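Going by our numbering, the sequence shown wraps up at 306, each residue one higher than the last.
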Amino acid sequence: MTDKDAKLIQAENLLKQNQHSRAIKILKEVYKKNSSEESILLKLAWAYYDSGDIKKAIGCFRELFERELPRKVFAGFAFDELVRIYKQEKDFCSLVEICQRAVASQPDDINLLMELVNAYLLTGRSQEACAVCEKMLNLESDNSAIYCLWGNALFTAGLFAESERAYSRAARIDLEQEDYYLFKLAILFQEAENHKEAIRIVRKCIAKNPDNPLYYCFWGDSLIGLNQIKEACRIYDQAVQCGERKNTGAYYNRLGNSLMKARRFSEAALSFRKALEQETNPAYYNNLISACRAIEHEDGTQKPSS
């Protein structure tokens, strides 16, 4: 066994014992003498990461990334780790920078282009995201995932009609999952609190797949957003009818949570009671208690002072 191998084993054992500083010291010594060996640099990167020193871990991964870039075959391991860490740390500017550099090195790599689109969207650069999507469609015109990503970018740019056309194109490519792709657009409308449009799209989903209870729950949630509580409860009942009996409690619990967000505490309490009638789940019970307390608090604040 060489001295290098012995020290690497020693460092590995120290890492298993959570003695990161000692392990890092050994790995740095070994790497200094074997700087061409990327496996050692990778071990050092992970040791820094596990010790909580994210900045130095990034430094090691960046060094590996610089080595990956010029190669004809882009392994992308360091790139993947940097993407993950930058997202975790919400360092979206650095995320955009490495994605741009990776794409400059491998301009026709669809996966790298998709990462760049997502990075642009995280930084609010929706127009640039749209442009990259259009480039990808020139490379792969029958890829439903690209049309969905384009639809997302167009929606973020405020181009709602164009976004719907993009999602509809994705649906036409994969007709067996047509409702699945349209539902992605419905979610975007609901997240934007455009509940009328969310309902319009989810009804298209139901027309394609009337047996999916999730679509009825979603419809009900948007009706609550429009303050149409009675109709929302009726639609949730349809979710119960087409769903499996074992999930009935979960549907009523979801309805209760949606009503709580809308501050309709009495109706929420009724929904949680219905959920408990189906399943004695502690979470449902805790939700019922929260609803009852909210009712009491609301009643207390509404009482006139004597």
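Ideal placement from N, C-alpha and C gives every residue a C-beta, glycine not left out. If you're wondering where the values come from, they're calculated on a predicted model, not measured in any experiment.
query                                                                                                                                                       : result
Going by beta carbon distance, what residues of the same chain come within less than 7 Å of A198, once the five residues before and after it are set aside? : A186, F189, Q190, S222
With 7 Å as the threshold, decide whether the Cβ of G243 is near any Cβ in chain C.                                                                         : Judged by its chain identifiers, the structure shown contains no chain C, having just a single protein chain.
Quick one, are the C-beta atoms of K7 and I24 less than 7 Å apart?                                                                                          : no
Just curious, the alpha helix (DSSP H) that S258 is in, first and last residue?                                                                             : 248-261
Is the Cβ-Cβ distance between A239 and Y251 less than 7 Å?                                                                                                  : yes
Does the Cβ of K204 have 16 or more other Cβ atoms within 10 Å, making it buried, or fewer, making it exposed?                                              : buried
K43: buried (16+ other C-beta within 10 angstroms of its C-beta) or exposed?                                                                                : buried
Looking only at its own chain, which residues have a Cβ that is under 8 Å from the Cβ of S305, when we skip the five neighbours before and after it?        : Residue placement at S305 cannot be trusted, given a pLDDT of 45 that sits under 50; what the coordinates show is reported in the next sentence. Cβ within range, chain order: n/a, list empty.
For the stretch 43-52 against the stretch 86-93, are there 3 or more C-beta pairs whose distance is under 8 Å?                                              : no
How about E66 and A75: are their beta carbons less than 7 Å apart?                                                                                          : no
What span of residues does the alpha helix (DSSP H) with E267 cover, start to end?                                                                          : 265-278
Between which residues of its own chain and D108 is the CB-CB distance below 7 Å, once the five residues before and five after are set aside?               : L139
Within 10 angstroms of its Cβ, does K274 collect 16 or more other Cβ (buried), or is it exposed?                                                            : buried
How many angstroms separate the CA atom of P282 from the CA atom of E37?                                                                                    : 54 Å
How is Y237 classed by DSSP in three states: helix, strand or coil?                                                                                         : Checking the sequence, you will find Asp at residue 237 rather than Tyr. Helix, per DSSP.
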